[in-house]
Structure formats: C-alpha cells, structure tokens
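Numbering (the numbering used here), first residue to last: 13 to 121.
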C-alpha cells in the first residue's frame, strides 16, 4: 500500500509540474489538469493514511503525512490566491514530501 501511495504521489507531482509552468508564465492552468493533480494527490494521501493505520509502525510515515498536510494547506492558499511565491512554496513542499516518502520506499542494503 505504501508503494501505491508513492506511485500516486509521484504521478501527482509529475502532473503538477505542468500547471506550475503555466502559472510561471502568468497563464491560468487548465482546470482538467489541476483536477487530475488534485485527484492523484488525494488518492495517494489516503493510501498512505490507510497504510499508516494498518501497519505495525504507524510512526514511520507520520512525518511524511505532516509534510503532505503542509503541502495541501499551501495548495489551498494557491487555489485562492495564485501568486508566484505561494506556488513556489507549494511546489517545494510537495516535492520535498514525495522525496521524503521515497527515502522510506527505496530499500537500502
């Protein structure tokens, strides 16, 4: 389940790059693309919550869920006031959260 969450969140981050580039060019991003980004992010977050609840180590993904929650709050700010500094903060927070999750998913030997 954590791998599913990782794939969904990585896909959300990838799809989120396209609205980021259009916002940087001061264009409104396509609503359908923003909807796909939002749907993938919500599904990935929910999959991670389900995994964190059902596993014997729920603290393992607590920090990732916290980082994703901060990114979600910044996403709400971006939705209301799409200014470039908020967009950059949102992209950095979301990207860092996904990279943090990948550190748990990629096995170390």
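Using N, Cα and C, we set each Cβ at its ideal position, and we do this for glycine too. Bear in mind that the values here come from a model prediction, so they are computed numbers and not experimental data.
Alpha-carbon to alpha-carbon, residue j and residue i
i           : j           : result
residue 38  : residue 67  : 44 Å
residue 73  : residue 36  : 32 Å
residue 32  : residue 119 : 31 Å
residue 20  : residue 34  : 22 Å
residue 94  : residue 30  : 15 Å
residue 49  : residue 76  : 18 Å
residue 111 : residue 71  : 17 Å
residue 82  : residue 44  : 23 Å
residue 65  : residue 88  : 25 Å
residue 69  : residue 113 : 15 Å
residue 104 : residue 58  : 21 Å
Own chain, CB closer than 7 Å to residue i, minus 5 neighbours either side, in chain order
i           : result
residue 117 : 14, 15 and 18
residue 90  : 98, 99 and 102
residue 55  : 20
residue 62  : 13
Cβ shell of residue i (< 6 Å), same chain only, five flanking positions each side left out
i          : result
residue 42 : none
For residue i, three-class secondary structure by DSSP
i          : result
residue 78 : helix
residue 49 : helix
residue 42 : coil
residue 92 : helix
Cβ-Cβ separation, residue j to residue i (assumed contact under 8 Å), whole Å
i           : j           : result
residue 108 : residue 79  : 6 Å
residue 25  : residue 106 : 6 Å
residue 27  : residue 60  : So it is not a contact: roughly 18 Å between Cβ atoms.
Contact with chain B by residue i, beta-carbon distance below 8 Å
i          : result
residue 34 : Of the protein chains in this structure there is only one, and it is not chain B.
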